[in-house]
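Visitor: Here it is: the structure, laid out below.
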Amino acid sequence: MEAPSTVKEVQELTGRIAALNRFIARSGEVCKPFFQTIKKAKKFEWTPQCQEAFEQIKTYLSSPPIISRPTKGETLYLYVSASAVAVSAALIREEDGVQKPVYFVSKVLRDAEERYSTVEKGAFAVLVAARKLRPYFQAHPIKVLSDLPLRKALGNLDVSGRLLKWAVELSEFDISFLPKAAYKGQVLADFVVESTGRTEKRDQEALWHVHVDGAASERGSGLGVQIKGPKGEIFYYAIHITFPITNNMVEYEALIAGLRLVEAVGATKVRVYMDSQLVVHQINGQYEVHDPTLAKYLEKAKEVLATFEEVTIEHVPRGMNEIADALSKLAKGSDMNSETPITIMEIPEACITATEPKVLPISAQLEWYTPIWDYLTTGQLPTDKLAARRIKRWAPEFTILEGELLKKGYRKPWLVCISESQGRKLIDEIHGGICGSHQSPYTVDKRIEREGYFVRRCERCQYHSRVSRRPPASLNTIASPWPFDVWGIDILGPFPTAKANLRFLVVVVEYFTKWIEAKPLALITSPRIADFVKHNIVYRYGIPHTVISDNGRQFTGAPFQDMCEGFGILSLFSSVSHPQTNGLAEVSNRTILEGLKKKVEGSKGAWPDFLDEILWSYNTTPRTATGRSPFAMVYGMEAVTPMEIVQPTLRTIAYEWTKNNEKKLVELETIYELREEARARMAEYQRKMRKNFDKKVAPKHFQPGDWVLRSVEATGKHIGKLDPAWDGPFIVTRSIEGRAYRLQDLAGRDLPNAWNAVHLRKFYK
Numbered sequence: 117m118e119a120p121s122t123v124k125e126v127q128e129l130t131g132r133i134a135a136l137n138r139f140i141a142r143s144g145e146v147c148k149p150f151f152q153t154i155k156k157a158k159k160f161e162w163t164p165q166c167q168e169a170f171e172q173i174k175t176y177l178s179s180p181p182i183i184s185r186p187t188k189g190e191t192l193y194l195y196v197s198a199s200a201v202a203v204s205a206a207l208i209r210e211e212d213g214v215q216k217p218v219y220f221v222s223k224v225l226r227d228a229e230e231r232y233s234t235v236e237k238g239a240f241a242v243l244v245a246a247r248k249l250r251p252y253f254q255a256h257p258i259k260v261l262s263d264l265p266l267r268k269a270l271g272n273l274d275v276s277g278r279l280l281k282w283a284v285e286l287s288e289f290d291i292s293f294l295p296k297a298a299y300k301g302q303v304l305a306d307f308v309v310e311s312t313g314r315t316e317k318r319d320q321e322a323l324w325h326v327h328v329d330g331a332a333s334e335r336g337s338g339l340g341v342q343i344k345g346p347k348g349e350i351f352y353y354a355i356h357i358t359f360p361i362t363n364n365m366v367e368y369e370a371l372i373a374g375l376r377l378v379e380a381v382g383a384t385k386v387r388v389y390m391d392s393q394l395v396v397h398q399i400n401g402q403y404e405v406h407d408p409t410l411a412k413y414l415e416k417a418k419e420v421l422a423t424f425e426e427v428t429i430e431h432v433p434r435g436m437n438e439i440a441d442a443l444s445k446l447a448k449g450s451d452m453n454s455e456t457p458i459t460i461m462e463i464p465e466a467c468i469t470a471t472e473p474k475v476l477p478i479s480a481q482l483e484w485y486t487p488i489w490d491y492l493t494t495g496q497l498p499t500d501k502l503a504a505r506r507i508k509r510w511a512p513e514f515t516i517l518e519g520e521l522l523k524k525g526y527r528k529p530w531l532v533c534i535s536e537s538q539g540r541k542l543i544d545e546i547h548g549g550i551c552g553s554h555q556s557p558y559t560v561d562k563r564i565e566r567e568g569y570f571v572r573r574c575e576r577c578q579y580h581s582r583v584s585r586r587p588p589a590s591l592n593t594i595a596s597p598w599p600f601d602v603w604g605i606d607i608l609g610p611f612p613t614a615k616a617n618l619r620f621l622v623v624v625v626e627y628f629t630k631w632i633e634a635k636p637l638a639l640i641t642s643p644r645i646a647d648f649v650k651h652n653i654v655y656r657y658g659i660p661h662t663v664i665s666d667n668g669r670q671f672t673g674a675p676f677q678d679m680c681e682g683f684g685i686l687s688l689f690s691s692v693s694h695p696q697t698n699g700l701a702e703v704s705n706r707t708i709l710e711g712l713k714k715k716v717e718g719s720k721g722a723w724p725d726f727l728d729e730i731l732w733s734y735n736t737t738p739r740t741a742t743g744r745s746p747f748a749m750v751y752g753m754e755a756v757t758p759m760e761i762v763q764p765t766l767r768t769i770a771y772e773w774t775k776n777n778e779k780k781l782v783e784l785e786t787i788y789e790l791r792e793e794a795r796a797r798m799a800e801y802q803r804k805m806r807k808n809f810d811k812k813v814a815p816k817h818f819q820p821g822d823w824v825l826r827s828v829e830a831t832g833k834h835i836g837k838l839d840p841a842w843d844g845p846f847i848v849t850r851s852i853e854g855r856a857y858r859l860q861d862l863a864g865r866d867l868p869n870a871w872n873a874v875h876l877r878k879f880y881k
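Each residue of the sequence shown is one higher than the one before, counting from 117 in the numbering used here.
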């Protein structure tokens with residue numbers, strides 16, 4: 117294979133390499149010279165760097181590693197590498213102690229991505245691998261092996277907005293971070309050796325510059341911190357001090373705060389600049405410390421300094437530390453005009469304050485925060501995969517400070533996490549104590565939050581709480597696989613009495629074709645409904661698979677159920693007070709009712725005379741869901757309407773009775789294509805409906821054994837002004853597809869029918 121001689125040949129080369137991307141380690145970085153050559157399309161130039169990369173690719177492809185296939189559930193390992201121009205990752209599996217590659221991923225950095233810090237590039241490499249290898253990340257536990265503090269960086273909320281977004285995106289996978297171990301396989305030689313040199317060079321350049329200053333006065337005290345990264349990124353922090361402090365103490369506080377902030381970014385090599393000559397010389401050992409308080413600060417500062425690989429502290433004139441000085445004045449309350457985003461923080465007590473570690477209470481039953489505590493302290497996760505994913509997603513919102521678990525707040529910097537028993541006592545006192553008046557949860561939450569606690573139950577408030585109208589689960593559309601398979605049945609009425617004492621209307625609608633059948637009835641007994649289904653559905657369109665109805669006696673009665681059992685029809689019932697389960701029948705009822713209102717006018721008792729006209733109009737009108745009329749879906753052709761007789765159309769003008777049968781046969785032969793087209797259109801229509809519906813969903817799920825309250829309104833009982841909106845409690849005995857539930861009272865008696873989740877709410881004992 118010879119080197120390319122034109123831009124087009126270079127493009128062909130990069131295309132071939134892209135096809136083999138998964139087999140080539142760090143392909144994006146290796147091929148960088150090719151991309152630069154393509155950009156110079158006007159003048160082709162094959163540089164020595166291009167030739168070197170070309171020879172490297174040929175050598176690599178002449179002895180390719182054997183790509184391995186992982187087994188289901190096997191733990192995979194991810195090695196990441198980052199250079200100035202690209203990030204790469206190698207997905208590895210172990211077999212008999214030997215590491216074998218599964219996939220190589222590489223991405224060339226562009227624009228702002230090239231200015232990411234070392235830690236951010238490492239995290240970005242993990243993100244790129246997770247996006248490109250999503251099936252592997254979803255099916256396997258992934259262990260990321262890296263010397264970078266990726267776990268700490270992705271779990272810290274105060275470092276970078278992009279890191280927080282990446283942490284949320286990665287939290288759906290089972291990812292853990294481990295120190296890089298020894299390499300066990302020769303297959304990683306290219307990936308490891310080539311990235312090591314760049315990593316060492318990059319580490320030499322990865323020096324962070326930190327400017328700190330403190331300001332103390334009677335009006336207030338503050339700290340200013342300016343952090344400059346190796347790629348030019350800059351962070352500003354203005355930290356307010358809420359405790360009394362001297363000038364020398366505030367300089368130590370600024371130094372320690374700046375070191376902690378840059379440590380959180382993942383920096384290992386730091387140079388600190390400050391204008392306090394006393395503090396700098398005490399740190400360097402040139403001055404002795406006689407003040408006992410400053411001695412404690414010096415000890416604390418050396419403890420923090422020991423966490424870095426390389427750190428130097430330099431004294432600079434105040435004029436070279438202006439930004440940090442301005443930030444400290446901003447934090448203590450002075451005016452400062454700046455358009456640069458500044459992070460405002462607050463320190464409630466001195467870093468040297470001797471505080472006994474607070475131990476969270478231990479009980480026989482695990483508290484809600486125990487899994488979070490375990491994960492933050494030891495990295496331990498629950499064995500259940502869903503629970504582990506939930507903890508990993510939630511953990512970045514928490515931190516441990518001096519032995520106490522704190523949650524990040526948006527209305528207050530940090531909230532103290534307490535046990536359930538402590539929370540009950542706190543809420544009982546605030547909600548229903550001497551100064552409480554059973555206020556709303558939001559009001560109580562504001563009072564609790566004002567005290568700095570994060571917790572959740574008053575029985576009276578539960579019975580009198582508002583009934584939510586938001587759907588508890590995503591829309592579950594009913595799909596019929598073929599015509600006349602699923603029918604919905606409902607009853608309209610009573611109407612004004614017509615001839616033969618007709619007062620009711622039984623309506624059935626077919627879910628695939630949307631075809632409607634209806635018949636006026638004087639009595640709506642179970643035998644009459646069974647007779648209607650037999651003569652208007654079974655004898656005309658065949659035996660259906662399913663009939664959906666409400667819980668009326670006409671449908672639950674023995675005659676109707678015996679008829680269904682005799683024909684092998686599955687009879688399904690909607691939840692109590694939840695007509696949306698049989699939504700198509702409800703929509704058809706509304707259409708018929710609106711048509712009757714407009715037709716009858718003054719002669720309301722003649723409504724049965726107009727029924728056939730309304731049904732004919734409905735069945736010959738194209739429906740939005742299918743794009744065809746029910747008539748065409750049933751018979752394979754559109755009906756000839758009266759309008760075509762008054763105003764002739766092409767098919768009535770060019771009608772030839774000799775060719776009519778042949779044309780109808782052709783239409784019958786294409787009826788299957790027509791129905792398949794309608795099925796696809798209906799699926800897209802239902803998808804859009806589901807998308808709009810799901811925007812309003814407030815998820816609500818119950819498990820067997822849960823205690824719930826039931827909406828009194830759903831039972832049909834009258835609710836007075838001072839009556840409770842909920843009754844119960846009841847016990848969930850069975851879940852029906854996670855949307856409806858069977859209930860049992862506390863005496864062990866089963867409640868008839870199923871109840872939709874929209875009419876239930878959890879009861880807290």
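Idealized CB from N, CA, C, for every residue including glycine.
From P487, I429, L371 and G539, pick the residue whose C-alpha is nearest to that of C467; which is it?
Guide: L371
Visitor: So, for T358: in the same chain, excluding its five sequence neighbours on each side, which residues have a beta-carbon less than 6 Å away from its beta-carbon?
Guide: P464
Visitor: Look at the alpha carbon of E419 and the alpha carbon of K878, and state the distance between them as a whole number of angstroms.
Guide: Taking the straight line joining both Cα atoms gives about 50 Å.
Visitor: Compute the Euclidean distance between the alpha carbons of Y947 and D810, then round it to the nearest angstrom.
Guide: Residue 947 is absent from the model: the chain starts at 117 and stops at 881.
Visitor: For my contact list, R825 and D843 are in at a C-beta cut-off of 8 Å; report their separation, rounded to the angstrom.
Guide: A quick correction: the sequence has Leu, not Arg, at residue 825. Here L825 really is in contact with D843; their C-beta atoms are around 7 Å apart, less than 8 Å.
Visitor: Report the residue from L225, D227, R226 and A205 whose alpha carbon sits nearest the alpha carbon of V218.
Guide: Comparing Cα positions, the closest option is A205.
Visitor: Have a look at I730 and S665 and give me their C-alpha separation to the nearest angstrom.
Guide: Roughly 23 Å between the two C-alpha positions.
Visitor: Output needed for E349: all residues of its chain with C-beta closer than 7 Å, excluding positions within five of it in sequence on either side, in chain order.
Guide: R231 and S233
Visitor: Would a C-beta distance cut-off of 9 Å place Y734 and T707 closer than the cut-off?
Guide: yes
Visitor: State the start and end residues of the unbroken beta strand (DSSP E) segment that holds Q215.
Guide: V214 to V224
Visitor: Using DSSP with H/G/I as helix, E/B as strand and the rest coil, what is R672?
Guide: Note that residue 672 corresponds to Thr in the displayed sequence, not to Arg. Residue state for T672 is assigned as helix, using DSSP reduced to three classes.
Visitor: Which of the three DSSP states, helix, strand or coil, is assigned to I468?
Guide: In the structure shown, I468 sits in coil (DSSP, three-state: anything other than H, G, I, E or B).
Visitor: From the DSSP secondary-structure annotation, give me the bridge partner or partners of S733.
Guide: Per DSSP, none; premise fails for S733.
Visitor: Here's the rule: buried if 16 or more other CB atoms are within 10 angstroms of the residue's CB, otherwise exposed. What is R744?
Guide: buried
Visitor: Could you name the residues that DSSP lists as bridge partners for G658?
Guide: According to DSSP, G658 bridges with nothing at all.
Visitor: In or out: L618 buried (at least 16 other Cβ within 10 Å) or exposed?
Guide: buried
Visitor: Which residue wins for smallest C-alpha separation from Q819, given the options G864, L876, V378 and A863?
Guide: The shortest Cα separation from Q819 among G864, L876, V378 and A863 belongs to L876.
Visitor: Is it right to say K508 is buried, meaning 16 or more other beta carbons lie within 10 angstroms of its own, or is it exposed?
Guide: Around the Cβ of K508, a 10 Å sphere holds 16 or more other Cβ atoms; the residue is buried.
Visitor: Mark F151 as exposed unless 16 or more other C-beta atoms lie within 10 angstroms of its C-beta, in which case mark it buried.
Guide: exposed
Visitor: Do A589 and H817 count as a contact pair if the criterion is CB distance below 9 Å?
Guide: yes
Visitor: So, helix, strand or coil for G449, using DSSP?
Guide: Its pLDDT being 48, under 50, G449 is placed unreliably by the model, and the measurement read from it follows with that caveat. The answer is coil: DSSP assigns G449 none of H, G, I, E or B.
Visitor: Look at the Cβ atom of G340, then the Cβ atom of G330, and state whether they are nearer than 9 Å.
Guide: Yes, these two residues count as a Cβ contact at 9 Å.
Visitor: Within the continuous beta strand (DSSP E) that includes W282, where are the two ends?
Guide: Looking at the DSSP string, W282 is not in any beta strand (DSSP E); the run it does join, the alpha helix (DSSP H), is G277 to L286.
Visitor: Considering just the uninterrupted stretch of the alpha helix (DSSP H) at P643, what are its terminal residues?
Guide: S642 to V649
Visitor: Taking only three categories from DSSP, how would you classify C147?
Guide: coil
Visitor: Would you mind reading off the limits of the beta strand (DSSP E) that contains Q342?
Guide: G336 to K344
Visitor: So, I632 versus Q670, is the Cβ gap smaller than 9 Å?
Guide: no
Visitor: With a CB to CB cut of under 8 Å and the five nearest residues on each side skipped, what residues in its chain are close to R278?
Guide: E236
Visitor: For S584, which residues in the same chain have their Cβ closer than 6 Å to its Cβ, ignoring the five residues on either side in sequence?
Guide: So no residue of the chain qualifies.
Visitor: How long is the line joining the alpha carbons of T740 and G673, rounded to whole angstroms?
Guide: 35 Å
Visitor: Who are S827's beta bridge partners in DSSP?
Guide: W842
Visitor: Could you tell me the distance, in whole angstroms, from the CA atom of S355 to the CA atom of Q496?
Guide: Inspection of the sequence shows that residue 355 is occupied by Ile rather than by Ser. In a straight line, the C-alpha of I355 is about 33 Å away from that of Q496.
Visitor: Under 7 Å Cβ to Cβ from A417, same chain only, skipping five residues before and after it: list those, please.
Guide: Y368, L371, I372 and I399
Visitor: Helix, strand or coil, according to DSSP, for Y788 in the structure here?
Guide: helix
Visitor: Taking D830 as the reference, give the member of K268, V874 and V328 with the closest Cα.
Guide: The sequence shown places Ala at residue 830, not Asp. Residue V874 is the option with its Cα nearest to A830.
Visitor: Helix, strand or coil, according to DSSP, for H397 in the structure here?
Guide: Correct three-state label for H397: helix.
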